[in-house]
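Here the sequence shown is numbered in my numbering, starting from 4 and rising by one per residue. For every residue, glycine included, the Cβ atom is placed at its ideal position computed from N, Cα and C. First comes the structure, then the notes that go with it.
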Amino acid sequence: MNTPTPFHSSPAADAAVDHAITHEAIARRARELWIEQGCPKNCDEAIWLEAEAELRAIREKRYRHPRLRLAGADDC
């Protein structure tokens, strides 16, 4: 059974999305983040923006996963 999520593809939103990153890709990542964060309510926009920023950073080769430690890094 699929859990309904607030992240569905919308043709109207495609106009605001960078053509190199598809609306569907953002929706997929937003759904992953939403699930990772425990399916919070009223966080749709924040999660969408996080997913979009993450995909842009990956595309621009400047993304580093926030939970990954650098070798030799001190614990904070």
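> Taking the continuous alpha helix (DSSP H) assigned at Arg31, which residues delimit it?
Replying inline: For the purposes of this step, residue 31 is identified with residue 28 of the sequence shown, where counting begins at 1. For Arg31, the enclosing alpha helix (DSSP H) covers residues 26-39.
>> Using a Cβ-Cβ cutoff of less than 7 angstroms, which residues in the same chain neighbour Ala54 once the five nearest sequence positions on both sides are dropped?
In response: The sequence position of residue 54 within the sequence shown is 51, counting from 1. Excluding residues within five positions, the ones whose Cβ falls inside 7 angstroms are Ile29, Arg32, Ala33, Leu36.
> Going by other Cβ atoms of all chains shown within 10 Å of its Cβ, with 16 needed for buried, is Ala38 buried or exposed?
Replying inline: Residue numbering aside, residue 38 sits at position 35 when the sequence shown is read from its first letter. The residue asked about is misnamed: residue 38 is Ile in this sequence, not Ala. It is exposed - the Cβ of Ile38 has fewer than 16 other Cβ atoms within 10 Å.
>> Can you give me the C-alpha to C-alpha distance between Gln40 and Ala60, rounded to a whole angstrom?
In response: Indexing the sequence shown from 1 puts residue 40 at position 37. Indexing the sequence shown from 1 puts residue 60 at position 57. Distance between the alpha carbons of Gln40 and Ala60: 20 angstroms.
> Is it right to say Leu52 is buried, meaning 16 or more other beta carbons lie within 10 angstroms of its own, or is it exposed?
Replying inline: Taking the sequence shown and counting its residues from 1, one reaches residue 52 at position 49. Classification of Leu52: exposed, given that the 10 Å Cβ count is below 16.
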